[in-house]
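Residue numbers (this note's numbering): 452 to 615.
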């Protein structure tokens, strides 16, 4: 290995070995979620155009079911508060995964597509506020910004790498 890559590898190895195991797993989950977001961003519009033959105005109308869970997220998380943040986040990601999976296997039927998008978006919107809360729970006194920065940076790096 060239010296700079070797030094980078050693620094990364040292950083990772000093991390709390649960936080490392949380970061790894963020990487996979970043990959999933990249797939969603790159393929959903094409899927809607090619399989349902939707034009831009019809795709724009789909923003209501995509964003409705964002408006309802407080009520959804409030109804599930007894589960705790981590379990709600797991449920949210299961919803998102099932919605994305459904988009891949259902027939090109407008109603089924809307239901799948609604399920996927519900999971996505439920997870967004919980990710920061869970990330902050790993922080020590005065480390909140560092932990959130690493978490969001890892997710963004995964988005960039998987989009390339």
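Glycine is no exception: its CB is placed at the ideal position from the N, C-alpha and C atoms.
For a quick check, are the C-beta atoms of residue i and residue j less than 8 Å apart?
i           : j           : result
residue 554 : residue 542 : no
residue 557 : residue 539 : no
residue 487 : residue 606 : no
residue 609 : residue 485 : yes
residue 564 : residue 503 : yes
residue 478 : residue 566 : no
residue 489 : residue 614 : yes
residue 580 : residue 524 : yes
Could you pull the start and end residues of the alpha helix (DSSP H) that residue i belongs to?
i           : result
residue 581 : 561 to 588
residue 549 : 536 to 556
residue 501 : 472 to 502
residue 506 : Note, residue 506: premise wrong, no alpha helix (DSSP H); not H, not E.
residue 529 : 514 to 530
residue 600 : 595 to 614
Using a 10 Å radius around the Cβ and a threshold of 16 neighbouring Cβ atoms, would you call residue i buried or exposed?
i           : result
residue 526 : exposed
residue 582 : buried
residue 464 : exposed
residue 598 : buried
residue 544 : buried
residue 534 : exposed
residue 513 : buried
Note down, in chain order, each residue of its chain lying with its Cβ closer than 6 Å to the Cβ of residue i, except the 5 sequence neighbours on either side.
i           : result
residue 510 : 499
residue 505 : 499
residue 546 : 570, 573, 574
Note down, in chain order, each residue of its chain lying with its Cβ closer than 7 Å to the Cβ of residue i, except the 5 sequence neighbours on either side.
i           : result
residue 584 : 536
In chain order, what residues of the same chain lie with their CB nearer than 8 Å to the CB of residue i, ignoring the 5 residues before and after it?
i           : result
residue 473 : 589
- [ ] Decide yes or no for the touch test of the region 566 to 581 against the region 510 to 522: beta carbon pairs closer than 8 Å, at least 3 of them.
- [x] Contact check between the region 566 to 581 and the region 510 to 522: three or more CB pairs, one atom from each, fall below 8 Å, which counts as touching.
Task: Meets three-Cβ-pair contact criterion under 8 Å: the region 582 to 599 and the region 561 to 572 - done: Judged by pairs of C-beta atoms under 8 Å, the region 582 to 599 does not touch the region 561 to 572, as fewer than three such pairs exist.
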